[in-house]
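These notes are about the structure you will find just below.
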Amino acid sequence: MDGRQIAFRNNLPAFLATSPWREGLTEDQFDRVCRDTLAYTFAAGATICHRESPALHWLAVVDGLVKVDTTTEDGRATTFAGVPGGAWFGEGAVLKGEPRPYAVVAIRDSTVAFVPRATFLWLVDSSHSFSRWLIDQLNARLGYYVALVESLRLGDVIARVAYCVAELFNPQLYPNTQPHIGISQEEIGRLTGLSRQTAYRALHELEDAGLLRVHYGSIEVLDLEGLKKYARSP
DNA sequence: TCATTAAATTGTT
DNA sequence: AACAATTTAATGA
1310 MDGRQIAFRN
1320 NLPAFLATSP
1330 WREGLTEDQF
1340 DRVCRDTLAY
1350 TFAAGATICH
1360 RESPALHWLA
1370 VVDGLVKVDT
1380 TTEDGRATTF
1390 AGVPGGAWFG
1400 EGAVLKGEPR
1410 PYAVVAIRDS
1420 TVAFVPRATF
1430 LWLVDSSHSF
1440 SRWLIDQLNA
1450 RLGYYVALVE
1460 SLRLGDVIAR
1470 VAYCVAELFN
1480 PQLYPNTQPH
1490 IGISQEEIGR
1500 LTGLSRQTAY
1510 RALHELEDAG
1520 LLRVHYGSIE
1530 VLDLEGLKKY
1540 ARSP
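Quick note on this note's numbering: the first sequence kicks off at 1310 and runs consecutively.
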């Protein structure tokens, strides 16, 4: 992990207390999560978890924006997911006990919380409520990729950009997303599987439709419901 | 604080 | 994909 620094051990419990699975835990269970969890900050561009590294932690973005991606030998990169602040991810590799099939990279300066694998598995075993939340989490992720395949087959690139941007606000997967997202058009391209030029044109189409605004190095979502509608029927 | 330069990102072909 | 234009960030007086 290049360029990481230990972040605020003190107010990490405040972040954990706002997590979507917290209310179902007992005080004792929550206290253990607080004790076991660490947070680190990473500079933009830094690798948080290398591809094929052992999945020793369950992860959350406390602040910032990270991506889950793979890079081929010839340097081409595709992003599988953009993960904004407040989101929990990486449970798949931890559950399977396998090396991470993707790399986790900071898009912007980001703070990431690390829950040890043992603590995560203990939560699964000891909390029915947590397990249920986890099922909903995995189900939401499955729904995202099914819809993404559908969008790929249908081939409307503007609808695909609308869908991918709107999904950053998925209440199960990404509960705390702010309307202003610091992400370049090149990253939007990787996230949607489109070239930067195509992403550029699609973003401006959506801007002309009044659904979002494009800024230097960021986008601002104005009409989330409109984006979702556009994603379904452009 | 301001001017200069480099780097990142956007816009155009 | 290449290149130009623009915006931001970094540097140093």
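The beta carbon of each residue, even a glycine, is placed where N, CA and C say it ideally should be.
Since we're looking at a predicted model, the values are computed, not measured.
Along the segment 1399-1463, the beta strand (DSSP E) occurs as fully enclosed runs of 3 or more residues at 1412-1415 and 1419-1425, listed in sequence order. One thing to note: D1378 has its Cβ within 8 Å of the Cβ of R1499. By the criterion of a C-beta distance shorter than 7 Å, S1527 is surrounded in its chain by H1489, I1490, G1491 and I1492, once the five residues flanking it on both sides are discounted.
Where P1322 is concerned, there is no enclosing beta strand (DSSP E), although the alpha helix (DSSP H) around it starts and stops at L1321 to A1326.
In this structure the segment 1418-1432 does not lie against the segment 1511-1528, because fewer than three pairs of beta carbons, one per stretch, are closer than 8 Å. In the DSSP annotation of this structure, D1532 is not part of any alpha helix (DSSP H), being labelled neither H nor E.
Leaving aside the five residues that flank N1485 on each side, the residues in its chain whose CB is nearer than 7 Å to its CB run, in chain order, G1394 and G1395. Taking the C-beta atoms as reference points, P1408 is found nearer than 8 Å to P1363.
In the structure shown, D1383 adopts coil according to DSSP, grouped into three states. With distances taken between CA atoms, G1502 lies nearest to L1461 out of V1523, L1461, L1521 and Y1539. When the beta-carbon positions are compared, L1365 and P1425 come within less than 8 Å of each other. When secondary structure is reduced to three states using DSSP, H1489 falls in the strand class.
For H1359, no alpha helix (DSSP H) encloses it, and the DSSP letter there is neither H nor E.
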